[in-house]
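The block underneath contains the structure these notes are about, expressed in structure tokens.
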Ligand code: SF4
């Protein structure tokens, strides 16, 4: 294993993609990129990274911003808890680290929304600390390189793969090594691997033994919860009703049409839906652990007594409010004009 890091580094220097966060050692910018790229594809994440760097050029600017502006800038990326954690952590850095982004793994991991992988990525990319990253791409690559069949979602698997990654990073340039191993996992050792282009082919145990398709092993299936949302789309004279989601659930602090959630698809709609005036529109929206079946019911008047959490907004100002992607999709597709 002792020369593997040289092969990885060499391959990375010649094949890496030029990405905006790779040309900086600024830990704040690297942190932004890492949080944006959690659960987001690189192509989609790029424009958001550039927007955040432009609108919040330093940690103080992010800490002093209004949450509604940050959520608005995040709109379309989903998993809004990441945006709230960014804001929370920016204030944490200002208050607990004198406004200077922490420079060690042990301090970086204290920030909200930063786990082992993200702390190792920032500590190595920005400060060259020797901390091995293990993300989904690295799990796949290492499981095949060493033909390891321990489930990657088990405690034992996490330990084994972290130990392998820790051994591989020894004696290397940590920033290059970590980025290289992730890049090979992403571009070459992908779910359908391109072994003929892989710098590790001669050394890859799964390739030699023919076990690639079985790897990596996962023990659990992701449990998916089905939810049934019925939205009340009240509109009158180009005005609409929105409500803020205040409960601790998906989309906390975002805005939506007033919602009634039903237990299942057989449950009766409450009385309020009986006065629906024109057609409803149905959407299926998929999140990692939830499948949402949403019906938007249209009403051509606004009730006289509004619920306490409801606000009346002009139809052309709705995009000024941070909205879940599902509501955005509805607005893009509906034929209704306000
Ligand atoms: S040879 Fe194929 S399976 Fe092995 S590490 Fe390279 S891409 Fe992955």
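Numbering (this note's numbering), first residue to last: 7 to 344. All C-beta atoms in this analysis are idealised placements derived from N, C-alpha and C, irrespective of residue type, glycine included.
_Option in 100, 177, 28 with minimal Cα separation from residue 9_ = For the purposes of this step, residue 9 is taken as residue 3 along the chain shown, with counting starting at 1. Checking every option, the nearest Cα to that of residue 9 belongs to 177.
_Boundaries (first-last residue) of the beta strand (DSSP E) holding residue 239_ = Translated into positions along the chain shown, residue 239 becomes position 233. Here the beta strand (DSSP E) through residue 239 covers 231 to 242.
*Note down the Cα distance separating residue 354 from residue 115, rounded to an integer number of angstroms.*
Examination of residue 354 is not possible in this model, given that the chain is present from 7 through 344 alone.
*Is residue 209 helix, strand or coil when you go by DSSP?*
For the purposes of this step, residue 209 is taken as residue 203 along the chain shown, with counting starting at 1. DSSP places residue 209 in helix when its eight states are reduced to three.
*Smallest Cα separation from residue 34: which of 73, 53, 129, 79?*
Looking up residue 34 in the chain shown gives position 28. Taking only the C-alpha atoms, the option nearest residue 34 is 129.
*Cβ of residue 145 versus every heavy atom of the ligand SF4: is any distance shorter than 7 Å?*
To locate residue 145, count along the chain shown from 1; it is residue 139. It does not: the Cβ of residue 145 is nowhere closer than 7 Å to a heavy atom of the ligand SF4.
_Just verifying my parser: in three-state terms, what is the DSSP assignment at residue 269?_
Counting from one through the chain shown, the residue named residue 269 turns up at place 263. The answer is coil: DSSP assigns residue 269 none of H, G, I, E or B.
*Verify the CB distance criterion: does residue 27 have a CB-CB separation below 8 Å to chain D?*
In the displayed structure, chain D is absent; only one protein chain is listed.
*Using a Cβ-Cβ cut-off of 6 Å (strictly less than) and excluding sequence neighbours within five positions of residue 306, which residues of its own chain qualify?*
The residue labelled residue 306 in the question sits at position 300 within the chain shown. Within the same chain, residue 306 has close Cβ partners 283.
*asked:* For the ligand SF4, I want to know if residue 215 counts as a neighbour, meaning its beta carbon is within less than 7 Å of at least one of the ligand's heavy atoms.
replied: Taking the chain shown and counting its residues from 1, one reaches residue 215 at position 209. Residue 215 Cβ: outside cutoff for every heavy atom of the ligand SF4.
*Quick one: residues in its chain with C-beta nearer than 7 Å to the C-beta of residue 303, no 5 flanking neighbours on either side, listed in chain order?*
Here residue 303 is taken as the residue at index 297 of the chain shown, counted from 1. Closer than 7 Å at the Cβ level, and outside the excluded window around residue 303, lie 236, 237, 238, 239, 279, 282, 286.
*Would you check if the region 260 to 276 and the region 199 to 214 touch, i.e. whether three or more CB-CB distances between them fall below 8 Å?*
The region 199 to 214, when compared against the region 260 to 276, does not touch it at the 8 Å Cβ threshold.
*Which full runs of the alpha helix (DSSP H) of 4+ residues lie inside the region 91 to 149, going along the chain?*
111 to 114, 122 to 133
*Regarding residue 197 and the ligand SF4, is the C-beta to nearest heavy atom distance less than 7 Å?*
In the chain shown, residue 197 corresponds to position 191, counting from 1. Not so, every heavy atom of the ligand SF4 lies at least 7 Å from the Cβ.
_Inside the region 272 to 328 only - beta strand (DSSP E) runs reaching at least 3 residues_ = 284 to 292, 296 to 305, 316 to 320
*Quick one: measure Cβ to Cβ for residue 187 and residue 147, integer angstroms, because I've assumed they're closer than 8 Å.*
Taking the chain shown and counting its residues from 1, the one referred to as residue 187 is at position 181. Taking the chain shown and counting its residues from 1, the one referred to as residue 147 is at position 141. Correct: roughly 6 Å between the Cβ atoms.
*Taking 7 Å as the cut-off, is the CB of residue 317 close to at least one heavy atom of the ligand SF4?*
Residue 317 sits at position 311 when you count from the first residue of the chain shown. No.
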